[in-house]
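Report on the structure given below.
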Amino acid sequence: MDPSNGSYIIYTSRQFTNTLDSELFQTARMSPSSLRYFGIGLKNGMYSVVLQFAEIFFPDDETWKSVGKRIFNIYIQGDLKETDFDIKKQTNGKSYTVIQRQYTVEVMNNFIDIHLFWAGKGTCCIPEQGFYGPSISALSVSSYGSNGEGDSGSQRNSTISRTGLVVGVVVCVAVLGFLAFAGAFVWRQKRRRLEVEMEELFTIVGRPNIFSYGEIKSATDSFSL
Numbered sequence: 001m002d003p004s005n006g007s008y009i010i011y012t013s014r015q016f017t018n019t020l021d022s023e024l025f026q027t028a029r030m031s032p033s034s035l036r037y038f039g040i041g042l043k044n045g046m047y048s049v050v051l052q053f054a055e056i057f058f059p060d061d062e063t064w065k066s067v068g069k070r071i072f073n074i075y076i077q078g079d080l081k082e083t084d085f086d087i088k089k090q091t092n093g094k095s096y097t098v099i100q101r102q103y104t105v106e107v108m109n110n111f112i113d114i115h116l117f118w119a120g121k122g123t124c125c126i127p128e129q130g131f132y133g134p135s136i137s138a139l140s141v142s143s144y145g146s147n148g149e150g151d152s153g154s155q156r157n158s159t160i161s162r163t164g165l166v167v168g169v170v171v172c173v174a175v176l177g178f179l180a181f182a183g184a185f186v187w188r189q190k191r192r193r194l195e196v197e198m199e200e201l202f203t204i205v206g207r208p209n210i211f212s213y214g215e216i217k218s219a220t221d222s223f224s225l
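Going by full-length UniProt numbering, the first residue of the sequence shown is number 1, and it counts up by one from there.
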């Protein structure tokens, strides 16, 4: 498949089974070879990763177009979780049917890496010449408490708020620092330009005679008339 919009978003208006939200699965992200997602700024600990898929390009009818296959591997944190994952095979040959995979992973360096990788298997030319690499409809990542149970919504929101606050402060400091640097640079450039112009003027008309206050006072007899 070679999406005409160049964004590698595929779309269908069909309704889906095994879900209460068909609209969520009417669009999917695909790639000729690799899809990679990073979550950064996460608190170290255990997380639940849910990946949701639905085959929306190969129909499940008895036409020749239905024989196409989309096969890829799934890596999370660099660990191979699924080999030769075939969306349609996981749904017993049914298209427009939602399937999900859930994994528990550990975050140790404040980020998570989710990688869907086409390893050269599957279809390349059926039902037409194009790209049939990895595809995904939705994903979610949620943290677990130390006892293995999910954190409460307020705890997650608090973590998100703290992360947002830190990011906001860092951005503000960076912007102010840049403005201060830019202002100092412009001021120095103007001062240097003025000095050059004065030197050019002195070269043409000569330097002016400059007298101190004491010299002027002595020459005018203490400014007496």
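Beta carbons: idealized from backbone N, C-alpha and C, even for Gly.
Helix, strand or coil at residue i according to DSSP, with G and I counted as helix
{"i": "residue 179", "result": "helix"}
{"i": "residue 152", "result": "Residue placement at residue 152 is flagged as unreliable, the pLDDT there being 49, under the threshold of 50; the coordinate-derived value follows with that caveat. Residue 152: coil per DSSP, three-state reduction."}
{"i": "residue 95", "result": "coil"}
{"i": "residue 147", "result": "Per-residue confidence for residue 147 stands at a pLDDT of 46, beneath the threshold of 50, marking its modelled position as unreliable; the derived number appears in the next sentence. Residue 147: coil per DSSP, three-state reduction."}
{"i": "residue 160", "result": "Low local confidence applies: a pLDDT of 48 at residue 160 is under 50, so the model's placement there is unreliable, with the coordinate-based value given in what follows. Of the three classes helix, strand and coil, the one that applies to residue 160 here is helix, per DSSP."}
{"i": "residue 58", "result": "coil"}
{"i": "residue 15", "result": "coil"}
Proximity test, residue i beta-carbon vs the ligand FAD heavy atom, cut-off 7 Å
{"i": "residue 97", "result": "For the ligand FAD, the structure offers nothing, since it holds no ligand at all."}
Element boundaries [alpha helix (DSSP H), containing residue i]
{"i": "residue 90", "result": "87-90"}
Rounded Cβ spacing between residue i and residue j (contact assumed at less than 8 Å)
{"i": "residue 98", "j": "residue 54", "result": "5 Å"}
{"i": "residue 45", "j": "residue 143", "result": "6 Å"}
{"i": "residue 71", "j": "residue 85", "result": "7 Å"}
{"i": "residue 114", "j": "residue 139", "result": "7 Å"}
Spatially closest choice to residue i from the options, by CA coordinates
{"i": "residue 82", "options": "94, 21, 12 and 117", "result": "117"}
{"i": "residue 141", "options": "80, 35, 11 and 47", "result": "47"}
{"i": "residue 57", "options": "88, 39 and 75", "result": "88"}
{"i": "residue 24", "options": "190, 31 and 12", "result": "12"}
{"i": "residue 110", "options": "43, 79 and 136", "result": "43"}
{"i": "residue 95", "options": "68, 104, 77 and 187", "result": "68"}
{"i": "residue 17", "options": "91, 184 and 120", "result": "91"}
{"i": "residue 237", "options": "50, 199, 41 and 133", "result": "Nothing can be reported for residue 237: it is not among the residues displayed for the chain, which extend from 1 to 225."}
{"i": "residue 100", "options": "50, 33 and 40", "result": "50"}
{"i": "residue 32", "options": "20, 39, 10 and 52", "result": "10"}
Terminal residues of the beta strand (DSSP E) in which residue i lies
{"i": "residue 8", "result": "Segment: none, residue 8 is in no beta strand (DSSP E) and carries neither H nor E."}
{"i": "residue 244", "result": "Because the chain is modelled from 1 through 225, residue 244 falls outside the range shown and cannot be assessed."}
{"i": "residue 36", "result": "34-40"}
Per DSSP, cross-strand counterpart(s) of residue i
{"i": "residue 75", "result": "80 and 115"}
{"i": "residue 139", "result": "51"}
{"i": "residue 46", "result": "106"}
{"i": "residue 100", "result": "52"}
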